[in-house]
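Residue numbers (our numbering), protein chains in the order written: chain A, 845 to 1143; chain B, 71 to 463; chain C, 4 to 89.
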Amino acid sequence: MSDPTVKKNLFSVGHTGCAGCGQVMAARAVINSAGPNTIIANSTGCLEVLSTKYPETAWEVPFIHSLFENSAAVASGVEAALIYLGKKDTTNIIAQGGDGGTADIGLQALSGMLERGHDILYVCYDNEAYMNTGVQRSGLTPFKTNTSTSPIGKASLGNVRPKKPLPEIVNAHGIPYVATASIAFIQDLQRKVKKAISIKGPKYIQVHVPCPLGWRHESNQSVAVGKLAIETGLYPLIEYENGVLTARKIQPKPVEEYLKVQGRFKHLLNNPEEIKKIQEIADNNIRKYNLKAETAPQA
Amino acid sequence: MKEFLEGSQAIAKMVKLCRPGVISAYPITPQTHIVEELAQFVSNGELDSQFINVESEHSAASVVLGASATGVRVFSATSSQGLFYMQEVIFNIAGLRLPVVLACANRAISAPINIWNDQQDSVPLRDAGWIQLYAEDVQETADLHLIAYRLAEDKNIMLPVMVCMDGFTLTHGIETVDIPSQELVDKYLPPYKAPYKLDTENPITIGPLVDADYYMETRYAIEQTMKDVLKAIPKATAEFAKVFGREYNGLIEGYRISDADKVIVAMGSVCGTIKDTVDELRKKGKKVGLLKITSYRPFPIQEIYEALKGVPRLAVLDRALSLGSYAPLASEVRAVFFGKKKKPSVISSFVAGLGGRDITKDSIKNIFSMLTNKERAGEFIDLKPELLQEKYE
Amino acid sequence: MFGPLIAKAGSSKANKTGSWRTDSRPKFLRKNCIGCKICSGVCPEGCIIDEEKNNYSCDYAYCKGCGLCAVSCPKSDIVMVKEKEA
């Protein structure tokens, strides 16, 4: 049976992502928005492992996987080669990695790529832990999250550090476009990818991608959970264009609504002191990014 | 054209003639001059190449990996700690069958930190699946880069090549070097045509996850290719001799070994010193010789066997260690003769020249005189025992 | 000759992940569909065919039964039905 939708997806069916996986939702939206004239350099992680198990690959565009921390550097090399060949103007380059592969082990290569000003879009799929290796804590794991290397126990309530402010760090490099996005607003993500691709220079988009397995929610709740992250102010949806900030306004919901729908925060629910600390994080975001809507929320 | 050049300059000029499209490296002594010369060529418009200044060696190797995967000829250079930092990318490049050429200015490794010459950086990387070639003098260092590209880009080989040159000795030493013309280099080295690459016209996935059902064959394939490289190197050097008039065997070189009683086996610039010492001792009637190994990987087992099977005593000179076991080159040379009927009666192992300690003609004479019927294992030459007296309590 | 090193674009189509479904599958009622394409956007597999409004369908050879389409449809035009009944 000839299947037009399945054929036109540049990230094909048949990958081995978990049912309800937020990351593959985002990855498909990203590459479909970028189009077939795109080369992808991808770090080791969930996305690479679930989409390129030999002899099968879900990618319909040229795709290279090298190591865990170097997709930004590999992409830099691809760009240099395309410039040498005179093909750069007709080809987009996307470097991709998870939160661990970007904020932690990949930060050096990312910083170098940004500093050198390569015409590359870096997409960070933020599921807030090293999911592929079994839900270990990363630099983007939120405060008091239960992960396998910041587990809750008699002496601990989980990860003691807040998320590394990676979009801010990236923006401090002075690049033309930085954005956060979420699978809860797929069309917004598509718009941001298209906008980024149209700009020359280094671009960064960090996509919040709920993980049913690691966050412990039902597979059909990925979008709902992602939406609550934004509506509580815990994951601000922002854009920096040449350093100028715009943010998606919200009518803030209390953080407890977000925490209670995920098993990874279950241990906090009867702990008003900890919830207060997390509410402070959300309130700081709302203040800092001016997230509070004056009127009803946007459609 | 003959020029009086510092080794790094000679390398840079030869690499420039090879027309790399992307160059990326990170500074480390004593490789720096090579890359600085290339940067100058690019900034003068003499070399059409994308020169990428990266933030680490790991990224330098990753940049050339990405560029090579996009079908472009590339070059990088490093030493010591830099080579170790990029080690996982080194293995990655070989595994992906990318024809990267890398200059390694051999330098000692930390700790303790030491910037001077030995081979403790490249020798531990011998398992990586790269072709490893060791140069004796500046001319050979330059020539091996051209031969390296020719080997690497052979579509039946498609393996990266590490050209190893003793740091400072061959990078900063000044010699008369014949730098060929662009026409001759183009004759020897055609433009690179990648058998597969990142190309939107023909999308493929490079570097998939390969599980237990599929992985082993990729490693077997590299091992088989290494056997083919043993045949490809003499072909490449024979062709080189035709075009440029300079003869290299490329695998090994026997110097006055045919009637020798004692032969030293060695790699790198020390071979020049050994040749001079051999000549001196021969004048005094001593039947000595040198077997120089150029290709450490692939290791020319058969060629070494044939060259040395009739020599009564061998001394293997290592400028590297495999701490806790036999010295690396010594263990491989000994393995060549294991189980054979005709073989040397003594194979002694010597370690010298670590951390830039000079190997002089006296050191070589010392080795020859220590090459008796009593087999020696890992004997350190020119060691200063008084330095081991210090206590730290 | 180099062994298993390169994968051909889109070859994952050979992997029929529909076999993962154990419980339920989406049913497109086609009564109130407004063609908004939210379902095909959120489907992690990309197996919803959204060419004609009110005539959407799912390629069950790949559907893993996650239920996101049913939850996301603003017109509740998709329901999850048990596999046994389908």
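C-beta: ideal position from N, C-alpha, C; glycine also. All values derive from a computational prediction rather than experimental measurement.
Bounding residues of the alpha helix (DSSP H) (the contiguous stretch that carries residue i)
i                      : result
residue 84 of chain B  : 77 to 87
residue 75 of chain C  : 71 to 75
residue 942 of chain A : First-last for residue 942 of chain A: 936 to 942, but that is the beta strand (DSSP E), not the alpha helix (DSSP H).
residue 5 of chain C   : Where residue 5 of chain C is concerned, there is no enclosing alpha helix (DSSP H), given that its DSSP letter is neither H nor E.
residue 59 of chain C  : Taken as a continuous stretch (DSSP letters only), residue 59 of chain C belongs to no alpha helix (DSSP H), as it is neither H nor E.
residue 432 of chain B : 431 to 440
residue 401 of chain B : 398 to 407
residue 42 of chain C  : 41 to 45
Per DSSP, cross-strand counterpart(s) of residue i
i                       : result
residue 1024 of chain A : A/1050
residue 199 of chain B  : Looking at the DSSP assignment, residue 199 of chain B forms no beta bridge with any residue, so it has no partner.
residue 997 of chain A  : A/1000
residue 25 of chain C   : For residue 25 of chain C, which the question treats as bridged, DSSP gives no partner whatsoever.
residue 903 of chain A  : A/855
residue 365 of chain B  : B/203
residue 909 of chain A  : A/886
Chain B contact for residue i (CB, 9 Å cutoff)
i                       : result
residue 49 of chain C   : no
residue 1111 of chain A : no
residue 6 of chain C    : yes
residue 853 of chain A  : no
residue 17 of chain C   : no
residue 952 of chain A  : yes
residue 917 of chain A  : yes
residue 1151 of chain A : One cannot answer for residue 1151 of chain A here, as it falls past the ends of chain A, which runs 845 to 1143.
residue 1129 of chain A : no
residue 81 of chain C   : no
residue 955 of chain A  : yes
residue 1057 of chain A : no
9 Å Cβ cutoff, residue i in contact with chain C
i                       : result
residue 899 of chain A  : yes
residue 1122 of chain A : no
residue 857 of chain A  : yes
residue 872 of chain A  : yes
residue 291 of chain B  : yes
residue 1063 of chain A : yes
residue 860 of chain A  : yes
residue 1024 of chain A : no
residue 211 of chain B  : no
residue 288 of chain B  : yes
Per-residue contacts from residue i into chain C (C-beta, under 8 Å)
i                      : result
residue 266 of chain B : 9
residue 274 of chain B : 9, 10, 11, 12
residue 903 of chain A : 12, 13
Contact test: residue i Cβ vs the ligand FMN heavy atom, cutoff 8 Å
i                       : result
residue 1074 of chain A : The model on display carries no ligand, and the ligand FMN is accordingly not part of it.
Cutoff 9 Å: residue i Cβ touching any chain D Cβ
i                      : result
residue 865 of chain A : In summary, chain D is missing from the structure at hand, where the protein chains are A, B and C.
Listed by chain order, chain A residues near residue i by CB distance under 7 Å
i                      : result
residue 350 of chain B : By Cβ distance, chain A contributes nothing, its closest Cβ being about 50 Å from residue 350 of chain B, past 7 Å.
residue 91 of chain B  : 925, 928
Closer than 8 Å at the beta carbon, the chain B residues around residue i
i                       : result
residue 1002 of chain A : Going along chain B, no residue has its Cβ under 8 Å from residue 1002 of chain A, so there is no contact; the nearest lies around 31 Å.
Neighbour list for residue i in chain A, Cβ cutoff strictly below 8 Å
i                      : result
residue 140 of chain B : 883, 921, 922, 925, 926, 929
Interface partners of residue i on chain B, CB under 7 Å
i                       : result
residue 1074 of chain A : Those do not exist, as residue 1074 of chain A stays about 33 Å from chain B at its closest Cβ, beyond 7 Å.
residue 880 of chain A  : 270
Any C-beta of chain A under 9 Å from that of residue i
i                      : result
residue 112 of chain B : no
residue 97 of chain B  : no
residue 284 of chain B : yes
residue 120 of chain B : yes
residue 70 of chain C  : yes
residue 22 of chain C  : no
residue 306 of chain B : no
Continuous beta strand (DSSP E) stretch holding residue i: start and end
i                       : result
residue 1071 of chain A : Counting along the chain, residue 1071 of chain A falls outside any beta strand (DSSP E), though it belongs to the alpha helix (DSSP H) covering 1066 to 1075.
residue 383 of chain B  : 383 to 388
residue 176 of chain B  : 171 to 176
residue 85 of chain C   : 81 to 85
residue 1090 of chain A : 1088 to 1091
residue 63 of chain C   : It is not in any beta strand (DSSP E) - residue 63 of chain C carries neither H nor E in the DSSP assignment.
Under 9 Å by beta carbon: chain A residues contacting residue i
i                     : result
residue 45 of chain C : 869, 1027, 1030, 1066, 1067
Beta-carbon neighbours of residue i, restricted to chain C and to distances below 7 Å
i                      : result
residue 989 of chain A : Ordered by position in chain C, no residue passes the 7 Å Cβ test against residue 989 of chain A, which lies about 23 Å from the chain.
Residue i: contacting residues in chain C (beta-carbon distance under 9 Å)
i                      : result
residue 896 of chain A : 10, 15
Where in the stretch 130 to 169 of chain B do unbroken runs of the alpha helix (DSSP H), each at least 4 residues long, occur, reported from the N-terminal end onward?
-> With a minimum length of 4 residues, the continuous alpha helix (DSSP H) runs that stay inside the stretch 130 to 169 of chain B are 150 to 155, 157 to 165.
Which runs of the alpha helix (DSSP H), 4 residues or longer, sit entirely within the stretch 330 to 361 of chain B?
-> 340 to 353
Which runs of the beta strand (DSSP E) fall wholly inside the stretch 946 to 984 of chain A and span at least 3 residues, in chain order?
-> Runs of the beta strand (DSSP E) inside the stretch 946 to 984 of chain A: 965 to 970.
What residue ranges within the stretch 221 to 308 of chain B form continuous alpha helix (DSSP H) runs of no fewer than 4 residues, ordered along the chain?
-> 252 to 258
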